[in-house]
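Comments concern the structure below.
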Amino acid sequence: MHLIKIANPDIGIIVSIDDGKITRIETGGGGFPDEFGPPDETVYRQFRDYLDRKKFTFDLMYDERGLTEFQKTVYRELEKIPAGRTVTYSGLAERIGGKNRTRAVARALASNPFPVAVPCHRVVGMHGLGGYSGGFDPDSGPAGGLVYKVRLLRHEGVELPGFSAYAR
Numbered sequence: 004m005h006l007i008k009i010a011n012p013d014i015g016i017i018v019s020i021d022d023g024k025i026t027r028i029e030t031g032g033g034g035f036p037d038e039f040g041p042p043d044e045t046v047y048r049q050f051r052d053y054l055d056r057k058k059f060t061f062d063l064m065y066d067e068r069g070l071t072e073f074q075k076t077v078y079r080e081l082e083k084i085p086a087g088r089t090v091t092y093s094g095l096a097e098r099i100g101g102k103n104r105t106r107a108v109a110r111a112l113a114s115n116p117f118p119v120a121v122p123c124h125r126v127v128g129m130h131g132l133g134g135y136s137g138g139f140d141p142d143s144g145p146a147g148g149l150v151y152k153v154r155l156l157r158h159e160g161v162e163l164p165g166f167s168a169y170a171r
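Numbered per the numbering used here, the sequence shown spans residues 4 to 171.
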């Protein structure tokens, strides 16, 4: 297994790869130098383009071992939500079979091993941001995940009035 590290001043992304498939993606604070090896250039380029706002979609191979069929369904539907747009938890649940699945959708999002590429940050609550379990910066405190959710959404052009405390 090896890591790719990609960052801009506000957002950092660490991608774990094993046997040519992504096993995990982590997000957090940026400002560190990029690191990648020659076999990883395609993966690196896609995340670099994301951080440079050149392209917001991904064509990657994921290691889906351990994921349930429901999680796979949720993640595939998430990939259809374009950058700059959001959907509510209940809206996503409706897209995959009914509002009665809202809590199951929220659990699937909380355990998403591929954030950014599988854009769980684009799912929001009806009355607020909802949650975000990403964020590897230990200095960000208990609201760390929401800090990175706001940064990712703003990076993609989503207007978030009232969340200036999370801006950098």
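Virtual Cβ for every residue (Gly too), placed ideally from N, Cα, C.
Is the CB-CB distance between residue 109 and residue 160 below 9 Å? As a working note, residue 109 is residue 106 in the sequence shown. As a working note, residue 160 is residue 157 in the sequence shown. Not closer than 9 Å, so no.
Any contact of the segment 45-65 with the segment 95-108, i.e. 3+ C-beta pairs under 8 Å? no
Per DSSP, cross-strand counterpart(s) of residue 10: In the sequence shown, counting from the first residue as 1, residue 10 sits at position 7. Looking at the DSSP assignment, residue 10 forms a beta bridge with 15.
Would you decide whether residue 118 is buried or exposed? Buried here means 16 or more other CB atoms lie within 10 Å of its CB. Residue numbering aside, residue 118 sits at position 115 when the sequence shown is read from its first letter. With 16 or more other Cβ atoms within 10 Å, it is buried.
Beta-bridge partners of residue 25, as assigned by DSSP: The sequence position of residue 25 within the sequence shown is 22, counting from 1. Partner(s): 20, 65.
Assign residue 44 to one of three DSSP states: helix, strand, or coil. Within the sequence shown, numbered from 1, the residue matching residue 44 stands at position 41. Reduced to three states, the DSSP call for residue 44 is helix.
Sequence-distant residues of the same chain with beta carbon closer than 7 Å to residue 24, five excluded per side: Taking the sequence shown and counting its residues from 1, the one referred to as residue 24 is at position 21. Result list for residue 24: 64, 65, 66, in chain order.
Suppose the cutoff is 7 Å on Cβ atoms and the five residues either side in sequence are ignored; what does the same chain contact list for residue 11 look like? By one-based count along the sequence shown, residue 11 stands at place 8. Result list for residue 11: 33, 54, in chain order.
Out of curiosity, what's the CA-to-CA distance linking residue 39 and residue 47? By 1-based counting over the sequence shown, the position of residue 39 is 36. By 1-based counting over the sequence shown, the position of residue 47 is 44. Residue 47 has its alpha-carbon roughly 7 Å from the corresponding atom of residue 39.
Would you kindly report the start and end of the unbroken alpha helix (DSSP H) that includes residue 105? As a working mapping, residue 105 is identified with position 102 in the sequence shown. Segment 105-113, the alpha helix (DSSP H) holding residue 105.
Terminal residues of the continuous alpha helix (DSSP H) containing residue 96? Within the sequence shown, numbered from 1, the residue matching residue 96 stands at position 93. Looking at the DSSP string, the run of the alpha helix (DSSP H) that includes residue 96 is 92-98.
For the alpha helix (DSSP H) that contains residue 56, what are its first and last residues? Position 53 of the sequence shown, counted from the start, is the residue given in the question as residue 56. It is not in any alpha helix (DSSP H) - residue 56 carries neither H nor E in the DSSP assignment.
Could you tell me which residues DSSP puts in a beta bridge with residue 131? On the sequence shown, position 128 is the one that residue 131 refers to. Residue 131 pairs with 128.
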